[in-house]
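K.L.:
Handing you this structure, nothing more for now.
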Amino acid sequence: MDSIKQAVELARAAEAVSRPGALSGSALAAEGPLQRSAESPFNEVRLRADHLEANRIVAHGTSGQNGRYYDMLRTQVLQEMDKKSWQFLAVTSPTAGCGKTVTACNLALSISRLPERSVLLVDLDLRRPAVGNYLGIGGHGGVLEVLEGRAPLSSSVVQASVGPNNILVLPGGVSSNSSEWMASQTMGAMLQTIKRDFRSRIVIFDLPPMLLGDDVISILPRIDAALLVAGIGNTTVSDIKECQRHLQRTPVIRVVVNKSTETVGSYYGYY
0 MDSIKQAVEL ARAAEAVSRP GALSGSALAA EGPLQRSAES PFNEVRLRAD HLEANRIVAH
60 GTSGQNGRYY DMLRTQVLQE MDKKSWQFLA VTSPTAGCGK TVTACNLALS ISRLPERSVL
120 LVDLDLRRPA VGNYLGIGGH GGVLEVLEGR APLSSSVVQA SVGPNNILVL PGGVSSNSSE
180 WMASQTMGAM LQTIKRDFRS RIVIFDLPPM LLGDDVISIL PRIDAALLVA GIGNTTVSDI
240 KECQRHLQRT PVIRVVVNKS TETVGSYYGY Y
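Put into structure tokens, the structure is as follows:
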């Protein structure tokens, strides 16, 4: 848990920093409707680079300092996961507004640029799903349809490409019973199907904020490791300590201290 202890120290030093401006809402911005080609078993869509960058999704290309921060995070995460033969990575935060979804999207796109790597990004924030909106593919199928038996997993996954690279995305859906779904046998069965059908891919799960309910702690036993995203101006030292208590039995690969207004090498900030 050394990474969490380091984050406590960083958060204590940064609690006085004011919160940066909030990200503006995003609209659908994929290039054209979903299509299925003969080469892919999934519905395909091309993402618009301008929409991604307007929403601070910057790791789809090789230029730009902010994208390089995510490449550094990518390398650290993959080295640790490869060492332990882990496949499932949860991305969460103590509270809302820390940038967990932006981090999950950027990490997935950064991994997709590696020649021998592939990734599946799953939106498991059933309280406020946002992956689809950030990428510009919102409204296409999703996790909830799979859990409710209204669609098979294969037809709900979207292949989203930008430039020469692509990621697979399983968008989310809003449920008033998110906590119950997380702990359900149906969720367990879906995760087993993902593990089997996408065994060659790293699977990144964008989870709800940890301290807003029991969703995260319900599903953590089914996840290999976690990435905790703390936001300067959003996260307090007590928030991180409370997360540490819930994460005692889950390996924490990294703690990302986000929304820094300074240029510091250990921060994966947007500014």
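The numbers in numbering that gives the first Met the number 0 rise by one with no breaks, and the one at position 248 of the sequence shown is 247.
Beta carbons: idealized from backbone N, C-alpha and C, even for Gly.
(1) Using the C-alpha atoms, what's the distance from M209 back to P93?
(2) State buried or exposed for S237, treating a residue as buried only when at least 16 other CB atoms are found within 10 Å of its CB.
(3) Going by C-alpha to C-alpha distance, which of D49, V121, T100 and N165 sits closest to L146?
(4) What residue range does the alpha helix (DSSP H) around L190 cover?
(5) Distance check for L123 and V156, CA to CA, integer angstroms please.
(6) Could you check the C-alpha separation between N143 and R116 for me, to the nearest Å?
(7) Kindly indicate which three-state DSSP category V311 falls into: helix, strand or coil?
(8) So, helix, strand or coil for R221, using DSSP?
(9) Could you have a look at A21 and say whether DSSP puts it in helix, strand or coil?
(10) Does the distance from the CB of A103 to the CB of D213 come in under 8 Å?
(11) Could you compute how far the alpha carbon of G187 sits from the alpha carbon of N164?
(12) Check this for me: beta carbons of V255 and V228, under 8 Å apart or not?
(13) Tell whether a beta-carbon distance below 8 Å holds between L88 and D223.
(14) Of the choices G171, G96, A225 and G230, whose alpha-carbon is the least far from that of A247?
(15) Check E115 in the structure and name its three-state DSSP category.
(16) I think P170 touches I136, with their Cβ atoms under 8 Å apart; what is that distance to the nearest whole Å?
(17) Hey, which unbroken runs of the alpha helix (DSSP H) at 4 residues or more fall wholly within the stretch 60-115?
(18) Let me confirm a value: G24 is counted as buried when at least 16 other C-beta atoms fall within 10 Å, else exposed. Which label applies?
(19) Using 8 Å for Cβ pairs, my map puts R73 next to I110. What's the rounded Cβ distance?
(20) I'd like the list of long-range same chain contacts for P76, defined as Cβ closer than 6 Å, with 5 residues on each side in sequence excluded.
(21) Where DSSP assigns a beta bridge to D122, which residues make up the other side?
(22) Taking the beta carbon of L134 as the centre, do at least 16 other beta carbons fall within 10 Å, making it buried, or is it exposed?
(23) Buried or exposed: where does M71 fall if 16 or more other Cβ atoms within 10 Å of its Cβ makes it buried?
(24) Using the C-alpha atoms, what's the distance from H245 back to A159?
(25) Which partner residues of G230 appear in the DSSP bridge assignment?
(26) Could you tell me the alpha carbon to alpha carbon distance between L27 and T100, rounded to whole angstroms?
(27) If I measure Cβ to Cβ from S178 and keep anything under 6 Å in the same chain, skipping five residues before and after, which residues do I get?
P.N.:
The answer reads as follows:
(1) Here residue 93 refers to the residue found at position 94 of the sequence shown. Here residue 209 refers to the residue found at position 210 of the sequence shown. Taking the straight line joining both Cα atoms gives about 5 Å.
(2) Translated into positions along the sequence shown, residue 237 becomes position 238. That one is exposed.
(3) One-based indexing of the sequence shown puts residue 146 at position 147. Among D49, V121, T100 and N165, the Cα nearest to that of L146 is on V121.
(4) Here the question's residue 190 lines up with position 191 in the sequence shown. Per DSSP, L190 belongs to the alpha helix (DSSP H) from Q184 to D196.
(5) In the sequence shown, counting from the first residue as 1, residue 156 sits at position 157. In the sequence shown, counting from the first residue as 1, residue 123 sits at position 124. Cα-Cα distance, rounded: 13 Å.
(6) Against the sequence shown, residue 143 aligns to sequence position 144. Against the sequence shown, residue 116 aligns to sequence position 117. Residue 143 is actually Leu in this sequence, not Asn. Each residue's Cα considered, the two are about 27 Å apart.
(7) The structure shown does not extend to residue 311, since the chain is modelled only from 0 to 270, so the question has no answer here.
(8) For the purposes of this step, residue 221 is identified with residue 222 of the sequence shown, where counting begins at 1. The answer is helix: DSSP assigns R221 an H, G or I state.
(9) Here residue 21 corresponds to residue number 22 of the sequence shown, with the count starting at 1. With a pLDDT of 36 at A21, under the threshold of 50, the predicted position of this residue should be treated as unreliable, and no value is reported.
(10) On the sequence shown, position 104 is the one that residue 103 refers to. On the sequence shown, position 214 is the one that residue 213 refers to. No.
(11) Looking up residue 187 in the sequence shown gives position 188. Looking up residue 164 in the sequence shown gives position 165. In a straight line, the C-alpha of G187 is about 30 Å away from that of N164.
(12) Here residue 255 corresponds to residue number 256 of the sequence shown, with the count starting at 1. Here residue 228 corresponds to residue number 229 of the sequence shown, with the count starting at 1. Going by C-beta atoms, V255 is nearer than 8 Å to V228.
(13) Position 89 of the sequence shown, counting from 1, holds the residue named residue 88. Position 224 of the sequence shown, counting from 1, holds the residue named residue 223. Against a cut-off of 8 Å, the Cβ pair of D223 and L88 comes out as a contact.
(14) Here residue 247 refers to the residue found at position 248 of the sequence shown. The question names Ala, but residue 247 is Gln in the sequence shown. Cα-wise, what sits closest to Q247 is A225.
(15) Taking the sequence shown and counting its residues from 1, the one referred to as residue 115 is at position 116. Coil at E115, not helix or strand.
(16) Reading the sequence shown from its first residue, position 171 is the one you call residue 170. Reading the sequence shown from its first residue, position 137 is the one you call residue 136. Confirmed, Cβ separation roughly 7 Å.
(17) 64-83 and 99-111
(18) The residue given as residue 24 occupies position 25 in the sequence shown. Per-residue confidence for G24 stands at a pLDDT of 38, beneath the threshold of 50, marking its modelled position as unreliable; the derived number appears in the next sentence. Burial call: exposed.
(19) For this step, residue 73 is matched to residue 74 along the sequence shown. For this step, residue 110 is matched to residue 111 along the sequence shown. Sure, about 6 Å apart at Cβ, within 8 Å.
(20) Here residue 76 corresponds to residue number 77 of the sequence shown, with the count starting at 1. The sequence given here has Val at residue 76, not Pro. So the list reads I252, once near-sequence residues are dropped.
(21) Locating residue 122 in the sequence shown gives position 123, where the first residue counts as 1. DSSP output for D122 lists D205 as bridge partner(s).
(22) Here residue 134 refers to the residue found at position 135 when the sequence shown is read from its first residue. Label assigned to L134: buried.
(23) Along the sequence shown, one-based indexing puts residue 71 at 72. Counting Cβ neighbours within 10 Å, M71 comes out exposed, since fewer than 16 surround it.
(24) In the sequence shown, counting from the first residue as 1, residue 159 sits at position 160. In the sequence shown, counting from the first residue as 1, residue 245 sits at position 246. Distance between the alpha carbons of A159 and H245 is about 34 Å.
(25) Locating residue 230 in the sequence shown gives position 231, where the first residue counts as 1. N257.
(26) Walking along the sequence shown from the start, residue 27 turns up at place 28. Walking along the sequence shown from the start, residue 100 turns up at place 101. In this prediction, L27 scores a pLDDT of 48, lower than 50, which makes its location untrustworthy; no coordinate-derived value is stated.
(27) The count along the sequence shown starts at 1 and reaches residue 178 at position 179. So the list reads G212, D213 and D214, once near-sequence residues are dropped.
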